Amino acid sequence: MNKVTTINLGGISFQLEEAGYDALRAYLDDAAARLQGNPDRDEILSDIEQAIGEKFRGLLSGYKNVILTREVEAVLSQMGPIQDDAGAASGASTTASGGGSASSSGAAQPAGTAPAPKRLYRIPEGAMIAGVCNGLAAYFNIDPTIVRLAFVLLTLIWGAGILVYIIMAIVVPQALTPDEKAAATGVPPTAQDFIRRAKQGYYEAMKSFPDRQARREWRRRFKRDMRNWSANVQREATATAQDCRRNWEHYWGMGTWNPGLGLALPVVSLLHGALVIAWICTLISLLATGTVFGVVLPVGMPVWVAVLILLFVYGMMVWPLKAARRAFYYGARGAPGAPFALFCVMDAFIWVAVVGTLLWLAVHHFPQAHEAVRNIPTVAHDMADSIRDWWNHH
Amino acid sequence: MSVDEKFFAIRKGLLEFLLLKIISAEKVYVADILKQLSETEFSTQEGTLYPLLSKMRREGLVDYEWKESEAGPPRKYYELTAKGREQLRETLDYWSRISGTVKNLGQK
Numbered sequence: 014m015n016k017v018t019t020i021n022l023g024g025i026s027f028q029l030e031e032a033g034y035d036a037l038r039a040y041l042d043d044a045a046a047r048l049q050g051n052p053d054r055d056e057i058l059s060d061i062e063q064a065i066g067e068k069f070r071g072l073l074s075g076y077k078n079v080i081l082t083r084e085v086e087a088v089l090s091q092m093g094p095i096q097d098d099a100g101a102a103s104g105a106s107t108t109a110s111g112g113g114s115a116s117s118s119g120a121a122q123p124a125g126t127a128p129a130p131k132r133l134y135r136i137p138e139g140a141m142i143a144g145v146c147n148g149l150a151a152y153f154n155i156d157p158t159i160v161r162l163a164f165v166l167l168t169l170i171w172g173a174g175i176l177v178y179i180i181m182a183i184v185v186p187q188a189l190t191p192d193e194k195a196a197a198t199g200v201p202p203t204a205q206d207f208i209r210r211a212k213q214g215y216y217e218a219m220k221s222f223p224d225r226q227a228r229r230e231w232r233r234r235f236k237r238d239m240r241n242w243s244a245n246v247q248r249e250a251t252a253t254a255q256d257c258r259r260n261w262e263h264y265w266g267m268g269t270w271n272p273g274l275g276l277a278l279p280v281v282s283l284l285h286g287a288l289v290i291a292w293i294c295t296l297i298s299l300l301a302t303g304t305v306f307g308v309v310l311p312v313g314m315p316v317w318v319a320v321l322i323l324l325f326v327y328g329m330m331v332w333p334l335k336a337a338r339r340a341f342y343y344g345a346r347g348a349p350g351a352p353f354a355l356f357c358v359m360d361a362f363i364w365v366a367v368v369g370t371l372l373w374l375a376v377h378h379f380p381q382a383h384e385a386v387r388n389i390p391t392v393a394h395d396m397a398d399s400i401r402d403w404w405n406h407h
Numbered sequence: 078m079s080v081d082e083k084f085f086a087i088r089k090g091l092l093e094f095l096l097l098k099i100i101s102a103e104k105v106y107v108a109d110i111l112k113q114l115s116e117t118e119f120s121t122q123e124g125t126l127y128p129l130l131s132k133m134r135r136e137g138l139v140d141y142e143w144k145e146s147e148a149g150p151p152r153k154y155y156e157l158t159a160k161g162r163e164q165l166r167e168t169l170d171y172w173s174r175i176s177g178t179v180k181n182l183g184q185k
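Quick note, the sequences are listed as chains V and X, same order.
For the first sequence, our numbering begins at 14 and goes up steadily by one.
For the second sequence, our numbering begins at 78 and goes up steadily by one.
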């Protein structure tokens, strides 16, 4: 005895054994994927469904009203896989008159074949610490030095650089096998295709078409390919993000950790807010009087260096709190139901409101704060001058 | 590589030409086309035919109309447009030249 599923093909209902239904579903999904980008995709799919329905009808009789799994399989093999060349040779005029590189570029990318995704890995070869910057550089195809500089800057300004680095060193897998190394460094085929196409010169190709019909056809195809390309990039990005999330969950066991949103989050947020205010007060004191709450800076230390140190110290102190809030948000997002999301919004709102109000009050009611704001340009100028001197000197 | 494999690409390219020829004779629906092709070297499947027909329709070579069938839902019957007939004429002409060339070349 097998369970039966009822389906609708071209407006007529059929009863299929469950495994047969799965096979049919897989066939239709595959067909839809192969027809990706075909302007008549929906129509072809409905034609296909109707043709399958017609074949099914031939299998039924008065006493037999269920299509068996093996019958579904036989029908599907009769149908054959979807062969769509529309991307390769769409428009006889294009193929005939466009000639050369323009039409062959379409043929090089068969519709519906998913390119091997490029993945984010840590690359140990030539790494300074754990290969995170190296991997990122390969992923975005830029110089590792730039990535390293960005990390140093992030650390200086928010203190978050180190945290990000540590998390990535844990979360991002290391490229060990040749396959992984290829995936880590290779330009993804979709991007390659994009660059090649762009180089070939969209407008060059446009010029080579003699008639308007062919030009229109080419433009239409180009736009469609661009759309497919961006869809591919999105898919890759999503896959990478999901991977990182899985690793993160795996590492912290956060899949099961359900934080006390109602209690812990506001406390953490208030702590965070208090730190922000303390930081701002220190900054104001520093900018206005050149002292940290009465403590004079060491001799020869310019104010901007003190500001940078302050930023760094603040960043280091605040990142565990930030991370905790993120974690709460994250846990909340994973959970179903609206109340959690409401907590997050409320929390963020309270935070912004408190900090904003205090800032506004400080600037408008304390002469010191006012002074500090006025001093910002001078200090910034100082810093720029010092950096320029240093640069010219070396 | 067998002869059959070698001429796979040729058969694939000729399929569109043969469709024009089949549809030019009378209004047909896909099952008719498949049946006519099934007895030849060009035997093919729905999975190939539907996308090809939809491409030819986009190019304005064929058109279809819905017709009631005696059993079941209405079917799409395909027919040639003026452009399709023109292309069929051109292709037939070209084909006879090609087969002439194939026959005559290399003969003394």
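For each residue, glycine too, the CB sits at the ideal point set by N, CA and C.
From a predicted model like this one, the values you see are computed outputs, not experimental measurements.
Chain V contact for residue i (CB, 8 Å cutoff)
i, result
"X/S131", "yes"
"X/G124", "yes"
"X/V105", "no"
"X/R135", "yes"
"X/Y155", "no"
"X/Y127", "yes"
"X/G183", "no"
"X/G149", "yes"
"X/S176", "no"
"X/E82", "no"
For residue i, the first and last residue of its enclosing beta strand (DSSP E)
i, result
"V/Y40", "Where V/Y40 is concerned, there is no enclosing beta strand (DSSP E), although the alpha helix (DSSP H) it sits in stretches over 31 to 47."
"V/N21", "17 to 22"
"V/V88", "Run containing V/V88: none in the beta strand (DSSP E); it sits in the alpha helix (DSSP H), 82 to 92."
"X/K144", "139 to 144"
"X/E167", "Careful: X/E167 lies outside any beta strand (DSSP E), inside the alpha helix (DSSP H) at 159 to 181."
Pair within 8 Å by beta-carbon distance, residue i and residue j
i, j, result
"X/L96", "X/M133", "yes"
"V/W317", "V/M396", "yes"
"X/Y141", "X/Y127", "no"
"V/G93", "V/S59", "no"
"V/R70", "X/G124", "no"
"V/N245", "V/Q49", "no"
"V/Q413", "V/R132", "The requested residue 413 of chain V is not part of the displayed model; chain V covers only 14 to 407."
"X/R88", "X/F119", "yes"
"X/V139", "X/L157", "yes"
"V/A44", "V/I95", "yes"
"V/L288", "V/V331", "yes"
"V/L41", "V/V85", "no"
"V/L324", "V/L299", "no"
"V/C294", "V/V185", "no"
Per DSSP, the bridge partner or partners of residue i
i, result
"V/Q187", "V/R135"
"V/Q28", "V/T19"
"X/K153", "X/W143"
"V/T304", "V/V309"
"X/V105", "X/Y155"
Neighbour flag for residue i against chain X, beta carbons, 8 Å
i, result
"V/E86", "no"
"V/D97", "yes"
"V/G139", "no"
"V/L29", "no"
"V/L72", "no"
"V/A64", "yes"
"V/D35", "no"
"V/Q49", "no"
"V/G75", "no"
"V/I136", "no"
"V/D60", "yes"
"V/D53", "yes"
"V/I80", "no"
"V/T148", "Residue 148 of chain V is actually Gly in this sequence, not Thr. Not closer than 8 Å to any Cβ of chain X, the Cβ of V/G148 fails to qualify, so no."
"V/G328", "no"
"V/G24", "yes"
"V/E67", "yes"
"V/P94", "yes"
"V/Q91", "yes"
Range of the contiguous alpha helix (DSSP H) that encloses residue i
i, result
"V/D55", "54 to 72"
"V/P315", "Note, V/P315: premise wrong, no alpha helix (DSSP H); not H, not E."
"V/N147", "145 to 153"
"X/V80", "80 to 83"
"X/S131", "123 to 135"
CB contact below 8 Å: residue i versus chain C
i, result
"V/I57", "Going by chain labels, chain C is absent from the structure shown, which instead holds the protein chains V and X."
Any beta strand (DSSP E) of 3 or more consecutive residues that is wholly inside the region 222 to 259 of chain V
As for any beta strand (DSSP E) of minimum length 3 sitting wholly inside the region 222 to 259 of chain V, there is none.
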